[in-house]
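>
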Amino acid sequence: MRRLLRPWVLIGTLVGLIALYSLVGFVLVPYLITSYVVPTASEQIKHPILLRDAAFNPFALSLRLNGFEVRGQNETPMLGFEELFVNLRATTLFLKKVAFDEIRLVMPFVAAKVNREGKLNLMSLVPPSDEAPQPPAQPTGEPKKMMPVQIDLLEIGQGIIEYRDDSKARPVVIDVVPFEIVLRNFSTVQAEGGEGAHAFTAEIGKGEKISWEGTIFLEPMESDGKLTLSGIKLKTLYQAVHDLFQFDIPQGTLGLSASYHFDLRGQTPQATVKNGKVSIQNLAIMERGGLEPVVNIPSFEVEGIQLDLQKQTVDVAKVHSADARFDAWMESNGVINFQPLFTPIGGNEVTPTPTIAKAKPEKAPKPWTIAVDEIALRNYRAAFEDRTLSRPGHVDVSAMNLTVNDVQIPFKKPLPVDLSLKLNETGTIGVQGKVTVEPLIVDAALKLEHLDIQPFQPYLDRFLNADVQDGAIDLKGTLHFAKEHPNEPLLRFQGDLAVNQLAVVDRKAFDNVVTWKGLAVNRVALDVEPTVVKIAEVVWQEPSMQMVVEADGQLNVSQLAASPPPRDQAAAKEPEGEKSPAKAAEPVSVTIDQVKLVKLAARFEDRSIEPNVKTSLTEFGGTIKGLSSKQLKKADVNLTGRIGRAARLNIVGKINPLSEDAFTDLVITLGGMDLTPVGSYSGKYAGYGLSKGKLSLDLKYKVSQKIL
Numbered sequence: 265m266r267r268l269l270r271p272w273v274l275i276g277t278l279v280g281l282i283a284l285y286s287l288v289g290f291v292l293v294p295y296l297i298t299s300y301v302v303p304t305a306s307e308q309i310k311h312p313i314l315l316r317d318a319a320f321n322p323f324a325l326s327l328r329l330n331g332f333e334v335r336g337q338n339e340t341p342m343l344g345f346e347e348l349f350v351n352l353r354a355t356t357l358f359l360k361k362v363a364f365d366e367i368r369l370v371m372p373f374v375a376a377k378v379n380r381e382g383k384l385n386l387m388s389l390v391p392p393s394d395e396a397p398q399p400p401a402q403p404t405g406e407p408k409k410m411m412p413v414q415i416d417l418l419e420i421g422q423g424i425i426e427y428r429d430d431s432k433a434r435p436v437v438i439d440v441v442p443f444e445i446v447l448r449n450f451s452t453v454q455a456e457g458g459e460g461a462h463a464f465t466a467e468i469g470k471g472e473k474i475s476w477e478g479t480i481f482l483e484p485m486e487s488d489g490k491l492t493l494s495g496i497k498l499k500t501l502y503q504a505v506h507d508l509f510q511f512d513i514p515q516g517t518l519g520l521s522a523s524y525h526f527d528l529r530g531q532t533p534q535a536t537v538k539n540g541k542v543s544i545q546n547l548a549i550m551e552r553g554g555l556e557p558v559v560n561i562p563s564f565e566v567e568g569i570q571l572d573l574q575k576q577t578v579d580v581a582k583v584h585s586a587d588a589r590f591d592a593w594m595e596s597n598g599v600i601n602f603q604p605l606f607t608p609i610g611g612n613e614v615t616p617t618p619t620i621a622k623a624k625p626e627k628a629p630k631p632w633t634i635a636v637d638e639i640a641l642r643n644y645r646a647a648f649e650d651r652t653l654s655r656p657g658h659v660d661v662s663a664m665n666l667t668v669n670d671v672q673i674p675f676k677k678p679l680p681v682d683l684s685l686k687l688n689e690t691g692t693i694g695v696q697g698k699v700t701v702e703p704l705i706v707d708a709a710l711k712l713e714h715l716d717i718q719p720f721q722p723y724l725d726r727f728l729n730a731d732v733q734d735g736a737i738d739l740k741g742t743l744h745f746a747k748e749h750p751n752e753p754l755l756r757f758q759g760d761l762a763v764n765q766l767a768v769v770d771r772k773a774f775d776n777v778v779t780w781k782g783l784a785v786n787r788v789a790l791d792v793e794p795t796v797v798k799i800a801e802v803v804w805q806e807p808s809m810q811m812v813v814e815a816d817g818q819l820n821v822s823q824l825a826a827s828p829p830p831r832d833q834a835a836a837k838e839p840e841g842e843k844s845p846a847k848a849a850e851p852v853s854v855t856i857d858q859v860k861l862v863k864l865a866a867r868f869e870d871r872s873i874e875p876n877v878k879t880s881l882t883e884f885g886g887t888i889k890g891l892s893s894k895q896l897k898k899a900d901v902n903l904t905g906r907i908g909r910a911a912r913l914n915i916v917g918k919i920n921p922l923s924e925d926a927f928t929d930l931v932i933t934l935g936g937m938d939l940t941p942v943g944s945y946s947g948k949y950a951g952y953g954l955s956k957g958k959l960s961l962d963l964k965y966k967v968s969q970k971i972l
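Going from the sequence shown to our numbering is simple: count from 1 and add 264.
This is the structure:
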């Protein structure tokens, strides 16, 4: 016994134990890993597993694995890593927690692939189970707490994730190369007074980066941090839903940054987002197979995002975008190109709704509240082509600026709106006012300046067999619209309207048929439902008309109106059976205080007779005061002019052309009209010509109750 207690015996025993411990750690453990663990695991998952070498330090309690790979049946690598280093803290072996000084993973890779049948290759790594699934055990008592885990340094470097989905009509390919994760002082349980700084970075493509930094604790779940996405290609994200739509996203990047707090310590989860920002840059959307984008948005940003999960509120400081362009057209069938473009494939299919027994209505959940301080769109452009017309119509919108302030969802108060744009590079439109969404109410000031009529010629072709060579519309006033209007009209406009410098050209003769310097309708008050029209003054300045009877006897102005399109026989066919008589529309109330005519000129030429007859009316003008649709209201007429060179024409009296029973009581006087220009009619109808002669006329013309 004494020999066993001698120092050299104790030292020898200790050295032997250390040597044995070293032999087991340095030699046996790596051997067991490479010779038994790896083959057993390979047989278990039925996939080849390769491990280049393994090393274990029994004194530092560290394990290092190099060159690890799991391969598919075709020997293609599925997942693995270049190096895994795990260093367990020895002092925690006898404590109720697991602590690591360091866990380092170098060049991990995952090659995930979904085949054409929709099966993920990684699922083949899960060995099949012969046991029937057991129902989940019912929780009893307090939930069992997980053993605390602490990692001083967790580092993943140069990671690679490759994803390919061949089940889609167009394969989806996403590569995350490289990604980096660094967690310092990570713990599943928050220590008092201690916080661990963690970080994560990943690059899913050239210039596409995802980064996160902050703290995270698992029990109870709590995390604070900042998430940043920069340069994420929208084309990459769109691959996931590519087969659902008919458009492509060839370019565009997404950026996101936000600070957040997440906490599960209370009875209800708490989550907040602060200083959030979302940006989309250089977005382009094109038709599938198209050559040019139909949507271009160089910049779209949402700033100052604040979110509170418990309060169910989202606050946004500003939404702003600039320099966007949209190209739209309406096909001959009346469908705008954006409709099929953004409608999900199969989205128009009608799914039968199953009959569901009526249940007791549940209390509606509290709605989220969204507040946006300002929405600002700057320098937007849009080009529209209408292909339903015989000649395609084109409308170009440019320099569009829109500002909407104080947006509240659900909508509770009117939204201040300021809109301005340029139409067809000449006219400008401005709208300033307030819009109430529910129910829809619009109160706005409108201003149109120099809105050129000529670009709208394809739309006028439906009604006019002539070309508008020149002319512009000006409008200024206020508009009130109320969708629900029990005690007021549906629409009310008050303001001024003018059509200036109009020139209408005959397509056959290429001559001006109608021109005028200006047609101003001043101080208009228009109500719709019920319809009431009040006009203070109409001023028609320097109108000119060219009336020509062609050689075939057709009057040119009678040919200006386009013929109506032929009606479809099926549509024109009257339905069988008795039809109830349509209710007569109520007469429209119209009042025009004064019509002022300034320097009207009309030229008449008859080319159906030889020699041609030519005469003219010039300097014709005056006033018509008191026009009204009221039955007993009569307007005063006072018009003067000149026929030919010297014959004076006067028209004085009263008229009521707007009432149902039109009334006319006029005195028309004409003095000294030279008959020589119209002498051809005498030769044709009387058999002899005129060498000279004058006509004077004093005529009383009265029509009442359709009796002349």
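Glycine is no exception: its CB is placed at the ideal position from the N, C-alpha and C atoms.
For Thr465, which residues does DSSP report across the bridge?
Your numbering for residue 465 matches position 201 in the sequence shown. Answer is Glu444 and Ser475.
> For the region 893-969, list the alpha helix (DSSP H) runs that are entirely contained and at least 4 residues long, ordered along the chain.
Entirely contained in the region 893-969, the alpha helix (DSSP H) runs reaching 4 residues are, in chain order, 943-949.
> Identify whether Trp804 lies in helix, strand or coil by the three-state DSSP scheme.
As a working mapping, residue 804 is identified with position 540 in the sequence shown. In the structure shown, Trp804 sits in a strand (DSSP, three-state: E or B).
> Since Ile932 contacts Leu961 with CB under 8 Å, what's their CB separation in whole angstroms?
Translated into positions along the sequence shown, residue 932 becomes position 668. Translated into positions along the sequence shown, residue 961 becomes position 697. Sure, about 7 Å apart at Cβ, within 8 Å.
> For a minimum of 3 consecutive residues, which ranges assigned as the beta strand (DSSP E) are wholly contained in the region 733-803?
Runs found: 755-770 and 776-792.
> For Lys441, which option in Ala375, Trp476 and Pro435 has the closest C-alpha, if you only look at C-alpha atoms?
Your numbering for residue 441 matches position 177 in the sequence shown. The question names Lys, yet the displayed sequence has Val at residue 441. Among Ala375, Trp476 and Pro435, the Cα nearest to that of Val441 is on Ala375.
> Counting only the same chain and skipping the five closest in sequence on each side, list residues whose C-beta sits under 8 Å from that of Gly691.
For the purposes of this step, residue 691 is taken as the residue at position 427 of the sequence shown. Taken in chain order, the residues that qualify are Leu712, Glu713, His714, Leu715, Asp716, Ala736 and Ile737.
> Assign Asn560 to one of two classes, buried (16 or more other C-beta atoms within 10 Å of its C-beta) or exposed (fewer than that).
Counting from 1 along the sequence shown, the entry for residue 560 is found at position 296. The residue is buried, with at least 16 neighbouring Cβ atoms inside 10 Å.
> Where does Val226 fall in DSSP's three states?
The structure shown does not extend to residue 226, since the chain spans only 265 to 972, so no value can be given for it.
> Nearest to Val334 by alpha carbon, out of Ser388, Val701 and Phe464?
Translated into positions along the sequence shown, residue 334 becomes position 70. When each option's Cα is compared against that of Val334, the closest is Ser388.
> Going by the beta-carbon positions, is the gap between Val370 and Gly421 smaller than 7 Å?
In the sequence shown, residue 370 corresponds to position 106, counting from 1. In the sequence shown, residue 421 corresponds to position 157, counting from 1. Their beta carbons are under 7 Å apart, which means Val370 touches Gly421 by this criterion.
> Which residue comes first and which comes last in the beta strand (DSSP E) that contains Pro341?
Position 77 of the sequence shown, counted from the start, is the residue given in the question as residue 341. Where Pro341 is concerned, the enclosing beta strand (DSSP E) stretches over Pro341 to Leu352.
> In three-state DSSP terms, what is Ile569?
The sequence position of residue 569 within the sequence shown is 305, counting from 1. Of the three classes helix, strand and coil, the one that applies to Ile569 here is strand, per DSSP.
> Rounded to the nearest angstrom, what separates Trp476 and Ile496 at their Cα positions?
Your numbering for residue 476 matches position 212 in the sequence shown. Your numbering for residue 496 matches position 232 in the sequence shown. Straight-line Cα distance between these residues: approximately 15 Å.
> Could you check the C-alpha separation between Thr304 and Val293 for me, to the nearest Å?
Here the question's residue 304 lines up with position 40 in the sequence shown. Here the question's residue 293 lines up with position 29 in the sequence shown. Between Thr304 and Val293, the C-alpha separation is close to 15 Å.
> Out of Lys966, Leu939 and Tyr965, which has the shortest C-alpha to C-alpha gap to Ser955?
The residue given as residue 955 occupies position 691 in the sequence shown. That would be Leu939, whose Cα lies nearest to the Cα of Ser955.
> Between which two residues does the alpha helix (DSSP H) carrying Phe602 extend?
Counted from its first residue, the sequence shown places residue 602 at position 338. Start and end: Phe602 to Phe606.
> Closest to Ser299 by CA distance: which of Ile309, Ala283 and Arg316 is it?
Taking the sequence shown and counting its residues from 1, one reaches residue 299 at position 35. Nearest option by C-alpha distance: Arg316.
> For Phe349 and Ile415, which I take to be in contact (beta-carbon distance under 8 Å), what is that distance rounded to the nearest angstrom?
On the sequence shown, residue 349 is found 85 positions in, with the first residue counted as 1. On the sequence shown, residue 415 is found 151 positions in, with the first residue counted as 1. Not really, about 12 Å apart at Cβ, beyond 8 Å.
> For Glu565, collect the residues of the same chain with a Cβ closer than 6 Å to its Cβ; drop the 5 residues on either side in sequence, then sort them by chain order.
Looking up residue 565 in the sequence shown gives position 301. Cβ within range, chain order: Ser543 and His584.
> Skipping 5 residues on each side, what residues in its chain have a beta carbon closer than 8 Å to that of Ala762?
Mapped onto the sequence shown, residue 762 falls at position 498. If we look at Ala762 and ignore the five residues flanking it on each side, its Cβ neighbours are Ile737, Asp738, Leu739, Gly782, Leu783, Ala784 and Val785.
> Would the region 663-682 and the region 635-652 be scored as touching if the rule is three or more Cβ pairs under 8 Å?
Contact holds: three or more Cβ-Cβ distances are below 8 Å.
> In three-state DSSP terms, what is Gly610?
Taking the sequence shown and counting its residues from 1, one reaches residue 610 at position 346. Coil, per DSSP.
> Closer than 8 Å by C-beta to Asn729: which residues in its own chain qualify, once you throw out the five before and the five after it? Chain order, please.
Taking the sequence shown and counting its residues from 1, one reaches residue 729 at position 465. Once the five neighbours on either side are set aside, the close Cβ partners of Asn729 are Arg771, Gln823, Leu824, Ala825 and Ala826.
> Suppose the cutoff is 7 Å on Cβ atoms and the five residues either side in sequence are ignored; what does the same chain contact list for Arg651 look like?
Working through the sequence shown from its first residue, we reach residue 651 at position 387. So the qualifying residues of the chain are Trp593, Met594, Glu595 and Ser596.
> Could you check how far apart the C-beta atoms of Gln576 and Lys630 are, in whole angstroms? I think they sit under 8 Å.
By 1-based counting over the sequence shown, the position of residue 576 is 312. By 1-based counting over the sequence shown, the position of residue 630 is 366. That belief holds up - the Cβ atoms of Gln576 and Lys630 are roughly 6 Å apart, short of 8 Å.
> Taking the beta carbon of Gly478 as the centre, do at least 16 other beta carbons fall within 10 Å, making it buried, or is it exposed?
Residue mapping note: residue 478 aligns to position 214 of the sequence shown, counting from 1. When all chains shown are included, Gly478 counts as buried.
> Cβ atoms of Ala709 and Thr742: under 7 Å apart, would you say?
Within the sequence shown, the letter at position 478 stands for residue 742. Within the sequence shown, the letter at position 445 stands for residue 709. For Thr742 and Ala709, yes; Cβs fall inside 7 Å.
> In the structure shown, what three-state DSSP assignment does Lys677 receive?
In the sequence shown, residue 677 corresponds to position 413, counting from 1. Reduced to three states, the DSSP call for Lys677 is coil.
> Just the C-alpha distance for Ala319 and Val291, rounded to the nearest angstrom, thanks.
Within the sequence shown, residue 319 is the residue found at index 55, counting from 1. Within the sequence shown, residue 291 is the residue found at index 27, counting from 1. Each residue's alpha carbon lies about 8 Å from the other.
> Which value, in whole angstroms, describes the spacing of the CA atoms of Gly457 and Leu493?
The sequence position of residue 457 within the sequence shown is 193, counting from 1. The sequence position of residue 493 within the sequence shown is 229, counting from 1. Low local confidence applies: a pLDDT of 47 at Gly457 is under 50, so the model's placement there is unreliable, with the coordinate-based value given in what follows. If you take the alpha carbons of Gly457 and Leu493, they lie about 30 Å apart.
> I need the boundaries of the alpha helix (DSSP H) containing Gln205, first residue and last residue.
Absent from the structure is residue 205, since the part of the chain shown begins at 265 and ends at 972.
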